[in-house]
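**Q** The structure's right below; bear with me while I get my questions together.
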Ligand SMILES: [Cu+2]
């Protein structure tokens, strides 16, 4: 590929003379509809100038897709039609030195992704019928192959393709995630690339704010137009997954098949339709839980230096802010309030400074294994629990109570989470802050730092929350936690990771006829985990009973020989009910590379 086709960083003051990319909010379809109902769209691929934050901060010179007569946009122009519409599209390749391949402009459902090939300077015409309703995408690549020939990601050349059942279209929103990059010299970035991660063409805190009212049901179509995986997490509320799809097929869930979650692990180039209702006021987030996709370290070089004095975002990338206007809350509490103090401690361990949580102010963890995860918090359903976090670290922190339905101000994203005139602060060293935890449903939740996640999570600032029904006591003999985390910011070996804070897993002794609940938690900065039980070579099914602490209705409970993979910020509960004596092996794996095994002896 010649140098001219290479995307590159542009400084704040540089003027490329190229057209400026606009952030596409996906509210309007491209093209025009003629009297026969045919949608005609004229697309063009051009060089453009993209400013990920604001016009006066650094950006990228890159290729982008535009509709003829309009500015280039990221994501690419939206196609939105009703079922069966004929679509007429022309694609002009205005690049002089690279051919283009366009994918996904074809009828749905489909068995393979059709492509169109466009030589430099040429125009290709194409016509097709849209097909069956759903949330889809289309995208382009430079060159002829499916794979990009350089190390760059160019997934800004991608947009939404929505097919509605009928007109007028649903009152919904479309959010497209794009990832793209440019090569830079290694003084700017360790791996030689800078990345842009956007939702509807902007990076936090410049993504479009969602200003909502209590009770106003949201229907969102989330399109992961990147080839990377994103566990998408909603703060403070559960969402229903109403449809899942990929570039070929979209499957709507019947009401009884809808999963009710706080996080869903979206694979590369997949879509999900979600529905949720803000039932409480406050400031909330919808974001990728993969720490590397939301850290402020992904901002372009030179951007932070131009921030207004004192204003430095502690997140960037794939984050949407949600502001629910003042209104009623559905939170209820019963019984006496409870008070807990949680100390965030710092200590030196071989290799790096570590953090830990403890209930005891004099606790000095003396080995790596004693530090993490933090003590499990056992809460009672519907009881209000006030947790005071005393910060004994040398850095500020802020703790998020992941999955709990609570007051906005207690949600724990520093300087963002807010309601009732109160804000979750960054807790400075030596200071403390009291969060109010509400526990509206029983199940398995997580608490973790929401400030400098990569550093603070891997140093040890995370733990499990178990909410028990009002009359229940925790039974450690039959109830087991499996908390997966990292011990290093960039793990190379199994010893850099941890399952329950350990590298080697102790044996578990159980009895035939008992039921054992295993609560799986992924709170690593990245990676997906699975769980599997075996006896010799034989797979022993585990019963999947809950996800993100939403108990499955009967029709969604199912036995799995090996679980699906759970992304960061997901919890999943399984039941193991051995019917025969013997030695079993529980395997928990992270990514394709790392596996822990634990011997379960059944007597
Ligand atoms: Cu992500």
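Numbering (our numbering), first residue to last: 1459 to 2061.
By construction, the Cβ of each residue, glycine as well, lies at the ideal position given by its N, Cα and C atoms.
The model shown is predicted, which means the values in this text are computed figures rather than measured ones.
Taking contact to mean 3 or more Cβ pairs, one atom from each stretch, closer than 8 angstroms, check whether the segment 1985-1996 and the segment 2022-2030 are in contact.
**A** The segment 1985-1996 is in contact with the segment 2022-2030.
**Q** Tell me which same chain residues have a C-beta within less than 6 angstroms of the C-beta of residue 1491, skipping the five on either side of it?
**A** Reading the chain shown from its first residue, position 33 is the one you call residue 1491. Only 1497 meet the Cβ criterion.
**Q** Taking DSSP as the reference, what is the three-state secondary structure of residue 1874?
**A** Counted from its first residue, the chain shown places residue 1874 at position 416. Residue 1874: coil per DSSP, three-state reduction.
**Q** Taking the straight line between their C-alpha atoms, what separation do you get for residue 1591 and residue 1633?
**A** Here residue 1591 refers to the residue found at position 133 when the chain shown is read from its first residue. Here residue 1633 refers to the residue found at position 175 when the chain shown is read from its first residue. Looking at the two C-alpha atoms, the distance is approximately 17 angstroms.
**Q** Taking the straight line between their C-alpha atoms, what separation do you get for residue 1999 and residue 2039?
**A** Within the chain shown, numbered from 1, the residue matching residue 1999 stands at position 541. Within the chain shown, numbered from 1, the residue matching residue 2039 stands at position 581. Their Cα atoms are separated by approximately 15 angstroms.
**Q** Can the beta-carbon of residue 2005 be found less than 8 angstroms from the beta-carbon of residue 1982?
**A** The residue you call residue 2005 lines up with position 547 of the chain shown. The residue you call residue 1982 lines up with position 524 of the chain shown. Not in contact: residue 2005 and residue 1982 (Cβ atoms no closer than 8 angstroms).
**Q** For ligand 1, which residues count as neighbours when the test is a C-beta closer than 6 angstroms to any heavy atom?
**A** Listed along the chain, these residues meet the criterion: 1688, 1746, 1748, 1751, 1776.
**Q** Is the number of C-beta pairs between the segment 1674-1693 and the segment 1549-1556 that are closer than 8 angstroms three or more?
**A** The answer is no - the segment 1549-1556 does not touch the segment 1674-1693, with fewer than three Cβ pairs under 8 angstroms.
**Q** Tell me the rounded alpha-carbon separation between residue 1487 and residue 1702.
**A** By 1-based counting over the chain shown, the position of residue 1487 is 29. By 1-based counting over the chain shown, the position of residue 1702 is 244. Those two C-alpha atoms are separated by around 22 angstroms.
**Q** Just to confirm, are residue 1783 and residue 1733 a CB contact at a threshold of 8 angstroms?
**A** Locating residue 1783 in the chain shown gives position 325, where the first residue counts as 1. Locating residue 1733 in the chain shown gives position 275, where the first residue counts as 1. No, the Cβ-Cβ distance between residue 1783 and residue 1733 is not below 8 angstroms.
**Q** Among residues of its own chain, excluding the 5 on either side of residue 1788, which ones have a beta-carbon nearer than 6 angstroms to its beta-carbon?
**A** Within the chain shown, residue 1788 is the residue found at index 330, counting from 1. Around residue 1788: 1737.
**Q** Determine the direct distance from the alpha carbon of residue 1850 to that of residue 1711, and round the result to whole angstroms.
**A** Within the chain shown, residue 1711 is the residue found at index 253, counting from 1. Within the chain shown, residue 1850 is the residue found at index 392, counting from 1. If you take the alpha carbons of residue 1711 and residue 1850, they lie about 47 angstroms apart.
**Q** Could you give the DSSP three-state label for residue 1866: helix, strand or coil?
**A** As a working note, residue 1866 is residue 408 in the chain shown. Of the three classes helix, strand and coil, the one that applies to residue 1866 here is helix, per DSSP.
**Q** Check for me: the alpha helix (DSSP H) holding residue 1560 runs from which residue to which?
**A** Stepping through the chain shown from its first residue, residue 1560 is reached at position 102. Not the alpha helix (DSSP H): residue 1560 falls in the beta strand (DSSP E), residues 1558-1561.
**Q** Rounded to the nearest angstrom, how far is the Cβ of residue 1854 from that of residue 1884, given a contact under 8 angstroms?
**A** Working through the chain shown from its first residue, we reach residue 1854 at position 396. Working through the chain shown from its first residue, we reach residue 1884 at position 426. The Cβ separation is near 4 angstroms, so the contact holds.
**Q** Please classify residue 1714 as buried or exposed, where buried requires at least 16 other C-beta atoms within 10 Å of its C-beta.
**A** In the chain shown, the residue the question calls residue 1714 occupies position 256. It is exposed - the Cβ of residue 1714 has fewer than 16 other Cβ atoms within 10 Å.
**Q** Restricting to runs no shorter than 4 residues, where is the alpha helix (DSSP H) found entirely within the segment 1963-2023?
**A** Correct list: empty.
**Q** DSSP state of residue 1607, grouped into three classes?
**A** Locating residue 1607 in the chain shown gives position 149, counting from the first residue. Model confidence at residue 1607 stands at a pLDDT of 48, short of 50, so the residue's coordinates are unreliable; what they give is reported in the following sentence. Note: residue 1607 maps to coil in three-state DSSP.
**Q** Using three-state DSSP, classify residue 1839 as helix, strand or coil.
**A** To locate residue 1839, count along the chain shown from 1; it is residue 381. Of the three classes helix, strand and coil, the one that applies to residue 1839 here is coil, per DSSP.
**Q** Have a look at the DSSP bridge pairing and note the partners of residue 1517.
**A** Taking the chain shown and counting its residues from 1, the one referred to as residue 1517 is at position 59. Answer is 1468, 1509.
**Q** Please name the residue in 1611, 1545, 1779, 1975 whose C-alpha comes closest to that of residue 1584.
**A** Taking the chain shown and counting its residues from 1, one reaches residue 1584 at position 126. For residue 1584, the nearest C-alpha among the options comes from 1545.
**Q** Residue 2056 lies in the beta strand (DSSP E); which residues open and close that run?
**A** Sequence index remark: in the chain shown, residue 2056 carries index 598 (1-based). That run of the beta strand (DSSP E) goes 2052-2060.
**Q** If the criterion is Cβ atoms closer than 8 angstroms, does the pair residue 1776 and residue 1657 meet it?
**A** Your numbering for residue 1776 matches position 318 in the chain shown. Your numbering for residue 1657 matches position 199 in the chain shown. The answer is yes: Cβ separation under 8 angstroms.
**Q** Under 8 angstroms Cβ to Cβ from residue 1611, same chain only, skipping five residues before and after it: list those, please.
**A** Position 153 of the chain shown, counted from the first residue, corresponds to residue 1611. Excluding residues within five positions, the ones whose Cβ falls inside 8 angstroms are 1637, 1638, 1639, 1653, 1684, 1685.
**Q** Counting Cβ pairs, one atom from each stretch, are 3 or more of them under 8 angstroms apart for the segment 1660-1672 and the segment 1496-1512?
**A** The segment 1660-1672 vs the segment 1496-1512: in contact.
**Q** If you drop the 5 nearest sequence neighbours on each side, which residues of the same chain put their C-beta closer than 7 angstroms to that of residue 1542?
**A** In the chain shown, counting from the first residue as 1, residue 1542 sits at position 84. Same-chain partners within the cutoff: 1587, 1588.
**Q** Please report the Cβ distance between residue 1908 and residue 1959, rounded to the nearest whole angstrom; I am assuming they are in contact, meaning their Cβ atoms lie under 8 angstroms.
**A** As a first step, residue 1908 must be located in the chain shown, where it is residue number 450. As a first step, residue 1959 must be located in the chain shown, where it is residue number 501. Wrong, their Cβ atoms sit about 21 angstroms apart, outside the cutoff.
**Q** With H, G and I counted as helix, E and B as strand and the rest as coil, what does DSSP make of residue 1754?
**A** Working through the chain shown from its first residue, we reach residue 1754 at position 296. Residue 1754 falls in the helix class under three-state DSSP.
**Q** May I have the straight-line CA-CA distance separating residue 1969 from residue 2036, to the nearest angstrom?
**A** Taking the chain shown and counting its residues from 1, the one referred to as residue 1969 is at position 511. Taking the chain shown and counting its residues from 1, the one referred to as residue 2036 is at position 578. Using only the alpha carbons, I get a separation of about 8 angstroms.
**Q** Provide the residue span of the alpha helix (DSSP H) that contains residue 1911, from first to last.
**A** As a first step, residue 1911 must be located in the chain shown, where it is residue number 453. Here the alpha helix (DSSP H) through residue 1911 covers 1911-1917.
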